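In our numbering, each residue carries its 1-based index in the sequence shown increased by 3.
Only one structure is covered here, and it is reproduced in the block below.
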Amino acid sequence: MAARPKFPRCKRLDLLCLLVAALWGAGAGQMRYSVPEETDKGSFVGDIAKDLGLEPPALAERGVRIVSRGRKQLFALNPRGGSLVTAGRIDREELCAQSARCLVNFNILVEDKLSIYSVEVEIRDINDNAPRFGVEELELKISETTPPGFRIPLKSAHDADVGENTLQKYELNPNDHFSLDVRSGADGNKYPELVLERALDREAENVHHLVLLASDGGDPVLTGTSRIRVTVLDVNDNAPVFAQPEYRVSVPENVPVGSRILTVTATDADEGSNAQVTYFLEKNPGKNSEVFELKSTSGDIEIIKNLDYEDAKFHEIDIEAQDGPGLLTRTKVIVTVLDVNDNAPEFYMTSATSSVSEDSPAGTVIALFNVHDRDSGQNAFITCSVPQNLPFKLERSVDNYHRLVTTRALDREQISYYNITVTAQDGGNPSLFTNAYIWLQVADINDNPPAFTHTSYSAYIPENNPRGASIFSVAAYDPDGYDNAHITYSLAEGTLQGAPLSSYISINSDTGVLYALRSFDYEQFRDLQLWVTAQDSGDPPLSSNVSLSLFLLDQNDNAPEILYPTLPTDGSTGVELAPRSAEPGYLVTKVVAVDRDSGQNAWLSYRLLKASEPGLFAVGLHTGEVRTARALLDRDALKQSLVVAVQDHGQPSLSATVTLTVAVADSIPDVLADLGSLEPSTNPDDSGLTLYLVVAVAAVSCVFLAFVIVLLALRMRRWHKSRLLQAAGGGLAGVGASHFVGVDGVRAFLKTYSHEVSLTADSRKSHVIFPQPNYADTLISHESCGKRDFLSGPQSLLEDKGEETFSQVN
């Protein structure tokens with residue numbers, strides 16, 4: 004091969020060239036530097052901080068770093084000095100082989116602004132490689148009849164360096180028969196030729212030993228030697244001749260191993276063994292001998308290793324043809340490798356974030372990456388894309404850099420993370436593609452208040468519940484995450500019957516379970532209205548409210564309460580009057596009872612437990628009316644004692660009893676006479692009995708007057724309460740108010756009674772009383788007034804005083 008042209012050594016010119024290149028690079032947005040190969044690690048290359056317009060400490064603060072595509076990092080940044088230094092030993096020959104200029108390109112990333120700057124560093128060659136010959140000893144055979152001036156091409160030396168450091172000259176050791184001539188080829192390389200100066204005499208000297216010296220132009224000069232052994236033969240004065248001075252062939256890089264790509268042919272004008280040509284690959288240092296194989300007899304060139312356009316775009320093969328005696332000639336085969344689309348695009352992720360806040364604005368940068376395809380031409384034309392249904396897009400930057408940015412604000416509650424597939428597809432046919440996957444977490448902000456599962460809640464709780472019992476549970480859901488979704492529950496402040504709600508109900512702030520702080524009484528209140536607040540732990544916190552209605556369920560915890568007859572306060576026993584002429588079914592009296600419970604627990608039934616005369620009286624099961632079951636007989640006792648039980652329908656049922664005394668007589672005098680006859684007087688003096696009767700009549704008159712006054716007062720009080728109940732309860736508005744008697748909200752139908760006085764008696768004295776207050780709850784109809792026979796004395800007294808019959812409404 005011919006030596007490369009020498010470059011003039013002029014330091015001033017070099018400095019001027021570097022200065023002009025630096026100025027041109029700065030103006031073009033690219034920084035250019037130069038460094039010799041084989042320098043120590045940490046050697047200065049260029050002042051990056053100065054060229055970027057930054058102070059050295061700012062390099063680390065702004066995240067300035069080197070990014071490159073998959074290549075071993077050759078340079079590093081000195082954060083203290085702000086300079087670009089070598090990261091290790093750099094071998095120019097390993098990087099660029101025989102290229103005249105060796106350029107290393109990479110990028111500088113300013114991470115805080117995501118700015119990219121191109122850097123180009125030229126690796127200057129030093130003389131670190133000596134010329135080398137393919138063989139250490141070359142054997143030549145020359146006929147003794149060869150005339151002087153005969154030229155014999157010799158094996159060329161190869162120097163991996165370039166420029167002045169590459170091979171410059173050949174020298175041959177002094178001898179009497181041979182000289183050296185160096186010929187420059189069309190490719191610029193130098194080819195040594197051995198020139199016969201004097202005719203050879205095999206009989207005088209049949210072997211000549213020569214030494215060929217190859218020198219480069221470095222400082223110091225490096226050399227390589229090859230020993231030449233010249234054997235003198237007879238009569239072979241023609242060397243083989245190739246059909247073409249140079250062969251060229253183009254093959255695709257995916258050609259199968261073992262394929263024949265070319266056949267070279269050479270002919271020899273001699274005859275016999277002197278015309279037998281054998282082909283050889285010149286054993287030059289390099290990889291060609293590992294890729295191609297030459298058939299020595301046929302001249303076929305076959306591929307023994309896969310070609311790769313990305314490793315080498317062409318190969319130069321030196322082929323020798325040698326005849327039987329040893330004369331040879333040389334030719335060159337240039338194999339051009341054609342690119343096929345066998346490389347998919349490659350991703351180099353420069354910077355990426357794994358989390359982004361859901362309130363980030365559109366245009367937020369998610370990732371910065373570079374895409375490269377090792378193919379060429381259309382096969383290296385890359386198109387990048389992301390799925391259209393995602394809120395992201397790609398923005399192209401310089402030097403095949405792309406930015407992945409958001410197109411709108413994100414919502415973590417709809418999608419909490421994205422697995423983004425970025426597809427890079429080349430322009431080959433068929434095209435190849437590569438996918439890169441970016442996992443992005445959407446960070447939560449507190450933008451959703453807690454929400455209850457229902458718009459309102461209602462619960463039913465039996466009364467008499469144990470204290471501290473769990474009575475209900477509410478639940479709220481917050482679509483946010485982490486602390487923004489941590490919910491605490493509380494009750495709104497309020498009062499019930501003058502006491503704060505917090506003294507009745509408490510709530511677990513973490514679970515939303517409500518607890519009763521006291522035992523509830525249905526008879527005190529029947530429902531409880533609450534507001535429950537759910538608040539998250541965000542900053543600022545958000546909250547929501549929901550209404551909760553607690554309804555008490557009644558339990559049978561109250562026994563029936565007998566309103567009539569009531570036990571007199573003076574210690575006597577109330578007496579009901581039944582005329583002897585009463586027919587069966589005659590209404591003697593009515594037991595009036597109420598139950599503070601409600602529903603089935605307040606349904607009352609009446610029954611007769613005990614009677615002094617069985618079969619004489621009967622009690623209405625549902626009305627409590629005491630009626631005669633048969634006609635009264637003379638043999639029936641004047642004083643009848645009845646025990647009536649009142650029972651509710653609760654589970655278990657509760658009951659109450661009342662004892663009634665019924666006096667059988669047609670009139671009050673009869674009553675008094677009969678009561679007097681019930682017990683014989685201990686005093687035989689009749690005048691004493693008369694005195695007792697007079698006192699009794701006077702007492703009855705006083706009691707009757709007091710009864711009228713109390714009756715009027717009770718009437719007014721009941722009337723006032725009826726007005727209040729009419730305003731509160733509209734369910735009974737359709738029923739006449741005069742047909743009800745109500746106690747504590749319990750209303751019962753009562754019947755009208757015709758008698759308004761009764762008698763009481765004990766074992767020691769007999770007197771007439773008028774228990775009109777006991778009838779204050781009795782409804783009296785005009786019809787019953789017309790049909791009933793009242794006691795003449797009290798009735799006429801009422802008529803004289805102009806009193807009217809009262810009806811009580813409750």
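Beta carbons are placed, not taken as given, at the ideal position from N, Cα and C, and that holds for glycine.
Computed from a prediction, not measured in an experiment: that's the story for all the values here.
Going by DSSP in three states, S218 sits in which element: helix, strand or coil? Walking along the sequence shown from the start, residue 218 turns up at place 215. S218 falls in the strand class under three-state DSSP.
Exposed or buried, which one is M34 when buried takes at least 16 other CB atoms within 10 Å? By one-based count along the sequence shown, residue 34 stands at place 31. Buried, by the Cβ-count rule.
Find the nearest neighbour of P469 within the set I448, Y518 and N438, judged by alpha-carbon distance. Taking the first residue of the sequence shown as position 1, residue 469 is located at position 466. When each option's Cα is compared against that of P469, the closest is Y518.
When T339, A439 and V368 are compared against R406, the one with the closest alpha-carbon: Position 403 of the sequence shown, counted from the first residue, corresponds to residue 406. Per the C-alpha coordinates, the member of T339, A439 and V368 positioned closest to R406 is V368.
Which residues share a DSSP beta bridge with G49? Within the sequence shown, numbered from 1, the residue matching residue 49 stands at position 46. Bridge partners of G49: L87.
Which of helix, strand or coil DSSP assigns to G588: Indexing the sequence shown from 1 puts residue 588 at position 585. Correct three-state label for G588: coil.
G837: which of V578, K53, F523 and L284 sits nearest, CA to CA? The shown model of the chain, from 4 to 813, leaves out residue 837, and the question about it has no answer.
Sequence-distant residues of its chain with Cβ nearer than 8 Å to Q558 (five each side left out): Sequence index remark: in the sequence shown, residue 558 carries index 555 (1-based). Only residues of its own chain outside the window of five on either side were considered, and among them P465, E466, N467, Y525, D600, N604 and G653 have a CB closer than 8 Å to the CB of Q558, listed in chain order.
For D402 and T300, the rounded distance between their alpha carbons: Here residue 300 refers to the residue found at position 297 of the sequence shown. Here residue 402 refers to the residue found at position 399 of the sequence shown. Our two residues, T300 and D402, have alpha carbons roughly 51 Å apart in a direct line.
Less than 7 Å between C-beta atoms, sequence neighbours within five positions excluded: which residues of the same chain meet that for D303? Position 300 of the sequence shown, counted from the first residue, corresponds to residue 303. R263 and T266, listed in sequence order.
Quick check on S575: does DSSP put it in helix, strand or coil? The count along the sequence shown starts at 1 and reaches residue 575 at position 572. Low confidence applies to S575: its pLDDT is 46, below 50, so where it sits in the model is not reliable enough to give any reading.
Using DSSP bridges, identify the partner residues of N110. Counting from one through the sequence shown, the residue named residue 110 turns up at place 107. DSSP lists V70 and S121 as the beta-bridge partner residues of N110.
Bridge partner(s) assigned by DSSP for E305: Numbered from its first residue, the sequence shown carries residue 305 at position 302. Partner(s): R263 and E296.
Going by DSSP, name the residue or residues bridged to D321. Here the question's residue 321 lines up with position 318 in the sequence shown. Beta-bridge annotation (DSSP): D321 is paired with K335.
Could you say which of T332, R633 and N209 lies nearest to T270 if we only look at CA atoms? Your numbering for residue 270 matches position 267 in the sequence shown. Nearest option by C-alpha distance: T332.
I need the DSSP call for R232, collapsed to helix, strand or coil. Stepping through the sequence shown from its first residue, residue 232 is reached at position 229. In this structure, R232 counts as strand in the three-state DSSP scheme.
Beta-carbon gap between G227 and F136 smaller than 7 Å: As a working mapping, residue 227 is identified with position 224 in the sequence shown. As a working mapping, residue 136 is identified with position 133 in the sequence shown. When the beta-carbon positions are compared, G227 and F136 come within less than 7 Å of each other.
Grouping DSSP H, G and I as helix and E and B as strand, with all else coil, what is D530? The residue given as residue 530 occupies position 527 in the sequence shown. Strand at D530.
What's the call for D530, buried or exposed, on a 16-neighbour Cβ count within 10 Å? Here residue 530 refers to the residue found at position 527 of the sequence shown. With fewer than 16 other Cβ atoms within 10 Å, it is exposed.
Do the CB positions of R610 and A621 come within less than 7 Å of each other? Numbered from 1 along the sequence shown, position 607 holds the residue referred to as residue 610. Numbered from 1 along the sequence shown, position 618 holds the residue referred to as residue 621. Against a cut-off of 7 Å, the Cβ pair of A621 and R610 comes out as no contact.
Give me the Cα-Cα distance between L297 and Y282, rounded to the nearest whole angstrom. Against the sequence shown, residue 297 aligns to sequence position 294. Against the sequence shown, residue 282 aligns to sequence position 279. Cα to Cα, L297 sits roughly 7 Å from Y282.
Beta strand (DSSP E) runs contained entirely in the segment 348–389, provided each spans 3 or more residues: Whole beta strand (DSSP E) segments, 3+ residues: 349–355, 358–360, 368–375 and 385–388.
Apply the 10 Å Cβ neighbour rule to E285 and answer buried if 16 or more other Cβ atoms are within range, or exposed otherwise. Counting from one through the sequence shown, the residue named residue 285 turns up at place 282. Around the C-beta of E285, 16 or more other C-beta atoms lie within 10 Å, and the residue is accordingly described as buried.
Reduced DSSP category for Q603 - H, G, I as helix; E, B as strand; rest coil: Translated into the one-based positions of the sequence shown, residue 603 becomes position 600. Three-state result, Q603: helix.
Between which two residues does the beta strand (DSSP E) containing E814 stretch? What is shown of the chain runs 4 to 813, which leaves residue 814 out entirely.
Residue burial classification, H180 (beta-carbon count within 10 angstroms, cutoff 16): Within the sequence shown, the letter at position 177 stands for residue 180. Result: buried.
Determine the direct distance from the alpha carbon of V38 to that of V124, and round the result to whole angstroms. Here residue 124 refers to the residue found at position 121 of the sequence shown. Here residue 38 refers to the residue found at position 35 of the sequence shown. Taking the straight line from one Cα to the other gives about 7 Å.
If I follow the unbroken alpha helix (DSSP H) through A63, where does it start and stop? Working through the sequence shown from its first residue, we reach residue 63 at position 60. Taken as a continuous stretch (DSSP letters only), the alpha helix (DSSP H) holding A63 covers A61 to E64.
Distance, W722 Cα to A736 Cα: Here residue 736 is taken as the residue at index 733 of the sequence shown, counted from 1. Here residue 722 is taken as the residue at index 719 of the sequence shown, counted from 1. Since pLDDT at A736 reaches only 37, below the 50 mark, its modelled position is unreliable, and the value read off the structure follows with that caveat. Each residue's Cα considered, the two are about 16 Å apart.
Would you identify the three-state DSSP class for E398, choosing helix, strand or coil? Residue 398 sits at position 395 when you count from the first residue of the sequence shown. Residue state, collapsed to three classes: strand.
Whose C-alpha, out of P394, V198 and S363, is nearest the C-alpha of P150? Within the sequence shown, residue 150 is the residue found at index 147, counting from 1. Of the residues P394, V198 and S363, the one whose Cα lies closest to the Cα of P150 is V198.
Taking the straight line between their C-alpha atoms, what separation do you get for L551 and D598? Mapped onto the sequence shown, residue 551 falls at position 548. Mapped onto the sequence shown, residue 598 falls at position 595. In a straight line, the C-alpha of L551 is about 29 Å away from that of D598.
Pick helix, strand or coil for Y525, following the three-state DSSP scheme. If you number the sequence shown from 1, residue 525 lands on position 522. Collapsing the DSSP output to three states places Y525 in coil.
Am I right that N209 and S146 are in contact with their C-beta atoms under 8 Å? What's the rounded C-beta distance? Here residue 209 corresponds to residue number 206 of the sequence shown, with the count starting at 1. Here residue 146 corresponds to residue number 143 of the sequence shown, with the count starting at 1. The pair is not a contact, with the Cβ atoms about 12 Å apart (cut-off 8 Å).
Using the rule of at least 16 other Cβ atoms within 10 Å of the residue's Cβ for burial, across every protein chain shown, is C105 buried or exposed? As a position in the sequence shown, residue 105 is number 102, starting the count at 1. With 16 or more other Cβ atoms within 10 Å, it is buried.
Which residue wins for smallest C-alpha separation from V516, given the options P177, Y460, T410 and D43? In the sequence shown, the residue the question calls residue 516 occupies position 513. Comparing alpha-carbon positions, the option among P177, Y460, T410 and D43 lying closest to V516 turns out to be Y460.
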